[in-house]
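Asks: Residue numbers for the sequence shown follow UniProt numbering, so the first one is 1 and each next one is one higher. For every residue, glycine included, the Cβ atom is placed at its ideal position computed from N, Cα and C. Predicted model only: the values in this text are computed from it and were never measured.
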Amino acid sequence: MELYLLRYFLAVVETGSFTKAAGACLITQPTLSAGIKRLEDQIGVALFIRNNKRVSLTTAGARFLPRAKAILHEVNMASAEIAQTDQADVLRLGVLQTLPSAFVARLLAGFSAAHPGIRFDLFDGTEQELLNRLDERGIDFALSLRRVEDDTSIALFEEGYQLALSRQHRLAAERIIRGEDLANESMIVRSRCEVLSETSRHFTDRNVRPPLVYRTAQDERALSMVGAGVGITVMPESYTAPDVVRIPMQGFNPRRTVALFLPRFSLPQRLQNSAEAFTGFTKPFYRRG
Numbered sequence: 001m002e003l004y005l006l007r008y009f010l011a012v013v014e015t016g017s018f019t020k021a022a023g024a025c026l027i028t029q030p031t032l033s034a035g036i037k038r039l040e041d042q043i044g045v046a047l048f049i050r051n052n053k054r055v056s057l058t059t060a061g062a063r064f065l066p067r068a069k070a071i072l073h074e075v076n077m078a079s080a081e082i083a084q085t086d087q088a089d090v091l092r093l094g095v096l097q098t099l100p101s102a103f104v105a106r107l108l109a110g111f112s113a114a115h116p117g118i119r120f121d122l123f124d125g126t127e128q129e130l131l132n133r134l135d136e137r138g139i140d141f142a143l144s145l146r147r148v149e150d151d152t153s154i155a156l157f158e159e160g161y162q163l164a165l166s167r168q169h170r171l172a173a174e175r176i177i178r179g180e181d182l183a184n185e186s187m188i189v190r191s192r193c194e195v196l197s198e199t200s201r202h203f204t205d206r207n208v209r210p211p212l213v214y215r216t217a218q219d220e221r222a223l224s225m226v227g228a229g230v231g232i233t234v235m236p237e238s239y240t241a242p243d244v245v246r247i248p249m250q251g252f253n254p255r256r257t258v259a260l261f262l263p264r265f266s267l268p269q270r271l272q273n274s275a276e277a278f279t280g281f282t283k284p285f286y287r288r289g
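1) How many whole angstroms separate the CB atoms of V45 and A60, which I take to be in contact at a CB cut-off of 8 Å?
2) Since S56 sits in a beta bridge, which residues does DSSP pair it with?
3) Helix, strand or coil for L122? Go by DSSP, reduced to three states.
4) Between K69, P66, S112, which has its C-alpha nearest V90's C-alpha?
5) Go to L130, then tell me how far its alpha helix (DSSP H) extends in each direction, as first and last residue.
6) In the DSSP assignment, find the beta strand (DSSP E) that holds F157 and state where it starts and stops.
7) So is G231 buried or exposed if we call it buried at 16+ other beta carbons inside 10 Å?
8) Taking Cβ positions, are A217 and S191 nearer each other than 8 Å?
9) Mind checking who F281 pairs with in its DSSP beta bridge?
10) Taking V213 as the reference, which of E220, R50, M225 has the closest Cα?
11) What is the C-beta distance between D140 and L47, in whole angstroms, given that I count them as a contact (C-beta under 8 Å)?
12) Using alpha carbons as the reference points, say which of D41, L271, F9 lies closest to P66.
13) Output yes or no for whether 8 Å exceeds the beta carbon distance between L163 and I177.
14) According to DSSP, what are the bridge partners of S144?
Structure below.
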């Protein structure tokens, strides 16, 4: 049984869709469908119930799910242990796709200056993808959003969301902007935005329908498009650029807490000191900076 087939299987379970799973695996849907069929043929049972709206697990698929996770978990652990015997201390850090690259770069630059013997492997992902990687020991830490206060993560900072506009925009000098003032403004949609539904509802409640001109999963690209005057967007406050101004939107107050998610399992002995150093450095870092 090939490991990539198990990854296809878990991707379908996590997304509930063959199309979304194919995108997450960076393959075409026919390739993924063929892989799932091959896995089902090897096992001898159907794993999924397919319908037009959503894919769900069969009884056999539900029984197979924990086994598939366990197999990939053991493979990840073995790969990590083998790699760690031949190289310097390497911490695997997951980074939420909607965190500014500059924030992460500043953190790692500061840590590397203080601890030059430790390096990082970085993995980008959504909130759920990073949590899954933590559970499967595919990463050691994650920088992501904290939804619940518990001992699995350390809150680093909290921020809100604001409009991002070009410095040349007609509203760039305003101190606060009403949703009604944006009825005819070209809107850039950040498809990974955590408050996308809240943003849409904010405009809908005011009978405003800004025309959508651009959609992207890359936040830095969205910021560049704003700076170039292509349109406006809603972004976390931490995203900045010289040619972009940030202005609050009246009555729009969602916030997010960025946190460091800690290892879910005991790390190999040789990495524990490095992990403690990273945790100790990161915890006060954003308060300093």
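Replies: The short version:
1) Taking the sequence shown and counting its residues from 1, the one referred to as residue 45 is at position 45. Taking the sequence shown and counting its residues from 1, the one referred to as residue 60 is at position 60. Contact flag correct, Cβ pair sits at about 4 Å.
2) In the sequence shown, counting from the first residue as 1, residue 56 sits at position 56. Partner(s): I49.
3) Here residue 122 refers to the residue found at position 122 of the sequence shown. Reduced to three states, the DSSP call for L122 is strand.
4) Numbered from 1 along the sequence shown, position 90 holds the residue referred to as residue 90. Of the candidates K69, P66, S112, the one whose C-alpha sits nearest the C-alpha of V90 is S112.
5) The sequence position of residue 130 within the sequence shown is 130, counting from 1. First-last of the alpha helix (DSSP H) with L130: 127–135.
6) As a working note, residue 157 is residue 157 in the sequence shown. Here the beta strand (DSSP E) through F157 covers 153–166.
7) Taking the first residue of the sequence shown as position 1, residue 231 is located at position 231. With 16 or more Cβ atoms within 10 Å of its Cβ, G231 is classed as buried.
8) The residue given as residue 217 occupies position 217 in the sequence shown. The residue given as residue 191 occupies position 191 in the sequence shown. Taking 8 Å as the cut-off, the Cβ atoms of A217 and S191 count as close.
9) On the sequence shown, position 281 is the one that residue 281 refers to. DSSP lists no partner for F281.
10) Here residue 213 is taken as the residue at index 213 of the sequence shown, counted from 1. Considering only alpha carbons, the answer is M225.
11) Here residue 140 corresponds to residue number 140 of the sequence shown, with the count starting at 1. Here residue 47 corresponds to residue number 47 of the sequence shown, with the count starting at 1. At roughly 30 Å, the Cβ-Cβ gap does not stay under 8 Å, so D140 and L47 are not in contact.
12) As a working mapping, residue 66 is identified with position 66 in the sequence shown. Measuring from the Cα of P66, the nearest candidate turns out to be F9.
13) By 1-based counting over the sequence shown, the position of residue 163 is 163. By 1-based counting over the sequence shown, the position of residue 177 is 177. Yes, these two residues count as a Cβ contact at 8 Å.
14) As a first step, residue 144 is located in the sequence shown; it is residue number 144 there, counting from the start. The partner list for S144 (beta bridge, DSSP) reads A259.
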